Every structure is written in C-alpha cells, then in structure tokens.
Amino acid sequence: MKKIGFLSFGHWTPSPQSQTRSASDALLQSIDLAIAAEELGADGAYFRVHHFARQLASPFPLLAAVGARTKRIEIGTAVIDMRYENPLYMVEDAGAADLIADGRLQLGISRGSPEQVIDGWRHFGYAPAEGETDADMARRHAQIFFDMLRGKGFAEPNPRPMFPNPPGLLRVEPHSEGLRDRIWWGAATNATAEWAAKLGMNLQSSTLKFDEGGQPFHVQQAIQIRAFREAWKAAGHEREPRVSVSRSIFALVDDRDRMYFGRGNESSDQIGFIDENTRAIFGRSYAAEPDKLIEELKGDEAVAEADTLLLTVPNQLGVDYNAHVIEAILTHVAPALGWR
Numbered sequence: 049m050k051k052i053g054f055l056s057f058g059h060w061t062p063s064p065q066s067q068t069r070s071a072s073d074a075l076l077q078s079i080d081l082a083i084a085a086e087e088l089g090a091d092g093a094y095f096r097v098h099h100f101a102r103q104l105a106s107p108f109p110l111l112a113a114v115g116a117r118t119k120r121i122e123i124g125t126a127v128i129d130m131r132y133e134n135p136l137y138m139v140e141d142a143g144a145a146d147l148i149a150d151g152r153l154q155l156g157i158s159r160g161s162p163e164q165v166i167d168g169w170r171h172f173g174y175a176p177a178e179g180e181t182d183a184d185m186a187r188r189h190a191q192i193f194f195d196m197l198r199g200k201g202f203a204e205p206n207p208r209p210m211f212p213n214p215p216g217l218l219r220v221e222p223h224s225e226g227l228r229d230r231i232w233w234g235a236a237t238n239a240t241a242e243w244a245a246k247l248g249m250n251l252q253s254s255t256l257k258f259d260e261g262g263q264p265f266h267v268q269q270a271i272q273i274r275a276f277r278e279a280w281k282a283a284g285h286e287r288e289p290r291v292s293v294s295r296s297i298f299a300l301v302d303d304r305d306r307m308y309f310g311r312g313n314e315s316s317d318q319i320g321f322i323d324e325n326t327r328a329i330f331g332r333s334y335a336a337e338p339d340k341l342i343e344e345l346k347g348d349e350a351v352a353e354a355d356t357l358l359l360t361v362p363n364q365l366g367v368d369y370n371a372h373v374i375e376a377i378l379t380h381v382a383p384a385l386g387w388r
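Numbering (this note's numbering), first residue to last: 49 to 388.
Put into structure tokens, the structure is as follows:
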C-alpha cells in the first residue's frame, strides 16, 4: 500500500493557451484541486515553492487555506528553500497552518534548486556566515527550524510583559504537537539523505538527483533511499521514517490524454548540468495505456522502495483535467500494482 498524492508547481502565465493565467488563478485552483483530490480518495496535496518566478511562492497562506477547506488529505510542500527562511518565523507559520489543518501538514524543506535570480536569498535579507556556502546556510536554517519544533522554552521572559507569561523560558507560539515528525528533507545526493536521517527528518526524493553512479535514475534513487534507511536505523530513532518519490505518470485513457502526452518523447532519463560543475540525472516520464503503464512501473525500483508517491501534475491544463489525471492513476493503475 502506498500513499498517493499530487505535486503542483503552480505555474501561471498570461498565455491564452494556459488555464492558469494569473497568480490568483494558481492559488485558487490549487485549493480547488486539493478539494477534488480529497474527494477522489487521494492522500496528499503538495506544492512546490519557487521565488522570483511565476509559480507558487509563499506556501503558508495556501497551506492554511487548503487545510480550512479539506478534512482528510495530507497537505505539504516539496520543497521550501531554506536559504530564504527565517527559521523562527517559519515555526510560527507552520504551527498555525498545522493547527488549522488539524495536524495534516507534511512539510518538505531543502537547500533549494537553481534560482531565477542571482543569490535571491540576499534580497530576503540572508547571507551565509563566514566560511559557509549558501547550502550550508540552508542546512543551518533547517536545523534551527527543526530544533525549535520541539516546543522547548528558550527565550528569557520580560519581567514587565504586556500580558502575563507562563512560568519558565518561553517558546515560539503557536506550537503544534507532532509536526516535528512530519518534516521531510528534499535530498539530491546520498550524503544529504543520510544527513537528514541522522537528524530524524523524513526523505523526499524528486525527479532530479545528482548523478553519483551512472546507473538509471530509478536505480540511483533506490540506492539513495536504502542509504537513508540504513542511516536512520543507525541513528536509533524510535519511529519509522517516511519516504516519498515524485513521478510524472499519465494513464492514456481518452483522446485528451493521447493528445497531451501520447507522443512518448520523454520516456528515458535525461542528463544535464544544474550549474557549471554539477552533473544531474532527471527521471523519465511515464505515459502509456494503463496495461503498458503498469508493466513499466513494475520495474521502477525507487517507486517500489518508497511509501509515498507524488504525481507531478500539469497545473496549467486546469483543475478538471488534473483531477482526471489523478483519478486515472487511482482507478486504472494503483490497484494493479498493489498501491491500493
């Protein structure tokens, strides 16, 4: 059995070919798709975070809105770029959104991806400390955020406060009990997956990974997941971790599906460079008639290793079509693979 959710980047463009032509469209349609996915029986509604782009950006207003409009579905991110975040303010935002959602938040965080602008985090007021890289800064922010979610008091109270204080040191409020167990690290390497395991964060692995062995993407990703689980076991954590992978999967069940995705031109992994020195491997897309799709997915080692599958959706094709994409996987593919 697997949890199956969707992952939306929330793209928007004023193009007449797009169903999502403004930031307002992207936000409101994200809420509507989460509601539709819950009604279809999907397990999660996840959203990507990109700054300085015509995509979803600040996640917590959206997460809170989805939490207020749904009852069961998990609500998450994949991922929040921690280079841009004030960890303590983020604890407040996350706690509030999780309480509104009655404990359904699943927050994916990471060091971020290649940006739209040069060192965009500097415009948000952040800079690496002496001797740090921006990735180091992101991991430092993440560790502070993760530690503050324990809900331990640390701040000395004012002897003359505006309102009465409880006894002892004060913590960031509001505190949402259990949220710390629902933080995920988006890892692009085996080493950062192991680092996340040692801290006690769950693992998110996307459709992109640093090419560390030359094997097919799904094999490298499965190796990463196994390394994460070994590091988790060695760390001695009491609970079982969760692992998600993202995939672009389309069951071709009608003429619209065949028109959009029936060409099969992304059916193999791609190699590229995300900066001057970093060779990355990008996972293939899956698009086929259900019977063929089922056979292809049986060979995906990383999907087999994960407990959660996030379906990347083409949000600019509109809520109705994306609900159809999710329903087709839940109906025609998931049962045959034992995911349901």
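Virtual Cβ for every residue (Gly too), placed ideally from N, Cα, C. The structure presented is a predicted model; accordingly, all values stated were derived computationally and were not measured.
- If only uninterrupted alpha helix (DSSP H) runs of at least 4 residues are considered, none is enclosed by the stretch 206-234.
- F194 carries a helical assignment under DSSP once its states are collapsed to helix, strand and coil.
- Using a C-beta cut-off of 8 Å, the stretch 195-204 makes no contact with the stretch 147-160, since fewer than three inter-stretch Cβ pairs fall below that distance.
- Contact between L111 and I123 holds, since their C-beta atoms are separated by about 5 Å, short of 8 Å.
- About 12 Å separates the beta carbon of A93 from that of G58, a gap too long to meet the 8 Å contact definition.
- In chain order, D317, I329, G331 place their CB closer than 6 Å to the CB of F265, counting only its own chain and leaving out the 5 sequence neighbours on each side.
- Apart from the 5 residues on each side of it in sequence, F276 sits with its Cβ closer than 6 Å to the Cβ of A241, A245, L251 in its chain, given in chain order.
- Between the beta-carbon of Q272 and that of N238 there is about 5 Å, and that keeps the pair under the 8 Å contact cut.
- DSSP, read as helix, strand or coil, puts G310 in coil.
- Here the alpha carbon of A113 sits roughly 25 Å from the alpha carbon of R290.
- Note on the stretch 132-202: whole beta strand (DSSP E) runs with a minimum of 3 residues are 153-158, in chain order.
- By the CB criterion at 8 Å, S294 and A82 fall outside the cutoff.
- Judged by pairs of C-beta atoms under 8 Å, the stretch 96-105 does not touch the stretch 371-385, as fewer than three such pairs exist.
- In this model, Q103 and A71 are separated by some 7 Å (Cα to Cα).
- Beyond the five residues adjoining it in sequence on each side, R306 comes within less than 7 Å, by CB distance, of L300 in the same chain, given in chain order.
- Assignment of S106 by DSSP, reduced to helix, strand and coil, places it in the coil class.
- As computed with DSSP, T125 is found in a beta bridge with F95, L155.
- Judged by pairs of C-beta atoms under 8 Å, the stretch 128-138 touches the stretch 180-190, as three or more such pairs exist.
- The Cβ-Cβ distance between E353 and R274 falls below 8 Å.
- Around the C-beta of A283, fewer than 16 other C-beta atoms lie within 10 Å, and the residue is accordingly described as exposed.
- Counting only runs of at least 4 residues, the stretch 283-347 fully encloses the following alpha helix (DSSP H) elements, listed from N- to C-terminal order: 303-309, 338-346.
- Contact annotation, S292 with W232: C-beta distance approximately 7 Å; criterion of less than 8 Å satisfied.
- The secondary-structure analysis by DSSP pairs K51 across a beta bridge with T356.
- Per DSSP, the unbroken alpha helix (DSSP H) holding N370 starts and ends at 367-376.
- Taking the Cα of F258 as reference, the smallest distance to any Cα among R327, E288, D302 is reached at R327.
- Distance between P162 and H223, taken at the CA atoms: about 32 Å.
- Across the structure, D355 and L345 are spaced so that their CA atoms are roughly 15 Å apart.
- In the assembly as shown, V165 is an exposed residue. Its beta-carbon has fewer than 16 other beta-carbons within 10 Å.
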